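Visitor: Supplied in structure tokens, the structure appears directly below.
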Amino acid sequence: MDQERRSQREMMQENEKQARTTYTNAQAKAAVSRRDNKASKLRVELTDPRKSNYFYEEALKTLRTNIQFAGADIKTILVTSCFPNEGKSDVVFQLAKEMGMAGKKTVLLDADIRKSVLVQRYLVDSDVKGLSQYLSGQAPVRDILYGTNYENMDVIFAGPMAPNPSELLNGKVFAKLMIELKQRYDYVLIDTPPMANVVDAAIVGKVCDGAILLIESGFVGYRAAQKAIKQLEKSGTHMLGAVLNKVDTKKEKYYSYYSYGSKYGYGQSHENA
9 MDQERRSQRE MMQENEKQAR TTYTNAQAKA AVSRRDNKAS KLRVELTDPR KSNYFYEEAL
69 KTLRTNIQFA GADIKTILVT SCFPNEGKSD VVFQLAKEMG MAGKKTVLLD ADIRKSVLVQ
129 RYLVDSDVKG LSQYLSGQAP VRDILYGTNY ENMDVIFAGP MAPNPSELLN GKVFAKLMIE
189 LKQRYDYVLI DTPPMANVVD AAIVGKVCDG AILLIESGFV GYRAAQKAIK QLEKSGTHML
249 GAVLNKVDTK KEKYYSYYSY GSKYGYGQSH ENA
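If you want it as structure tokens, here you go:
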């Protein structure tokens, strides 16, 4: 009888040992799988044509710092402008780089699926999928999310021009994407079309924590800026501030804040922006 009990005990101990071994192996395989998934993230090499500019870089640091002081809950931020060619896309790109260099895990989301400049401007030499393909059900998130050669900076390109951008951006799929990105990253910076003729920025703003309006110095008037701000606020967008861009440093001998009243004004982004 004693021998039979010892035999049963030994069998139980052996089974427990095998179970622990199986569990440990499963944990190891899961860890390897996670590492493999991380290593297999799509990557793209971006080439930044911008030359070093002290004033511009300092303005970006000020902008980044003010965004961080806006609150820990401000993570998804859209950047728009009143009109095309004010330098909006470049500022968003440089800000994403600055956030990454500051140790913040950042993704740049190009939501200008009407007329994106990101691929062409930063010399992406490979075929890439983008937001429009995800929103139309042609690609999953993993196929549109790219790591880059910049520290802590990922990017989602706009993808092919879509015939119905507003409808795509206003759908549940985009809102779901924003939630997922907010969980993955410290900051999600969204480049949207200008406010002049389309409502895309106001639509995107409904699912963002805040918005920044970029204004070209000497080109955009007070009324145009106020109109854009009111359009965004009407959609429920939380305005964080405004940035004055393309400031002529030869004329501006000092560094200062720019604002349309005390509520707005992150700072100046200087020439060639």
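Residue 9 is where the sequence shown starts when you use the working numbering, and the numbers rise one by one after that. All residues carry an ideal CB built from backbone N, CA and C; glycine is no exception. Since we're looking at a predicted model, the values are computed, not measured.
Could you tell me which residues DSSP pairs with residue 73 in its beta bridges?
Guide: Residue 73 pairs with nothing; no bridge assigned.
Visitor: For the beta strand (DSSP E) holding residue 53, just list the boundary residues, first then last.
Guide: Bounds of any beta strand (DSSP E) do not take in residue 53, whose DSSP letter is neither H nor E.
Visitor: Rounded to the nearest angstrom, what separates residue 61 and residue 115 at their Cα positions?
Guide: 24 Å
Visitor: DSSP three-state call for residue 195: helix, strand or coil?
Guide: strand
Visitor: Which residues mark the beginning and the end of the alpha helix (DSSP H) in which residue 237 is found?
Guide: 230-242
Visitor: Is the beta carbon of residue 197 closer than 8 Å to that of residue 67?
Guide: no
Visitor: Buried or exposed, going by whether 16 or more other CB atoms sit within 10 Å of the CB of residue 119?
Guide: By the 10 Å Cβ count, residue 119 comes out buried.
Visitor: Out of 223, 74, 143, which one is the CA nearest neighbour of residue 202?
Guide: 223
Visitor: On the CB-based measure, 16 or more other CB atoms within 10 Å of its CB, does residue 160 come out buried or exposed?
Guide: buried
Visitor: On the three-state DSSP scale, how would you describe residue 140?
Guide: helix
Visitor: Between the Cα of residue 53 and those of 135, 225, 96, spot the shortest distance and give me the residue it belongs to.
Guide: Of 135, 225, 96, the residue nearest in Cα terms is 135.
Visitor: Let's see if you can read the secondary structure: which residues bound the beta strand (DSSP E) around residue 89?
Guide: 84-89
Visitor: Just curious, the beta strand (DSSP E) that residue 222 is in, first and last residue?
Guide: 218-224
Visitor: In the structure shown, what three-state DSSP assignment does residue 108 receive?
Guide: helix
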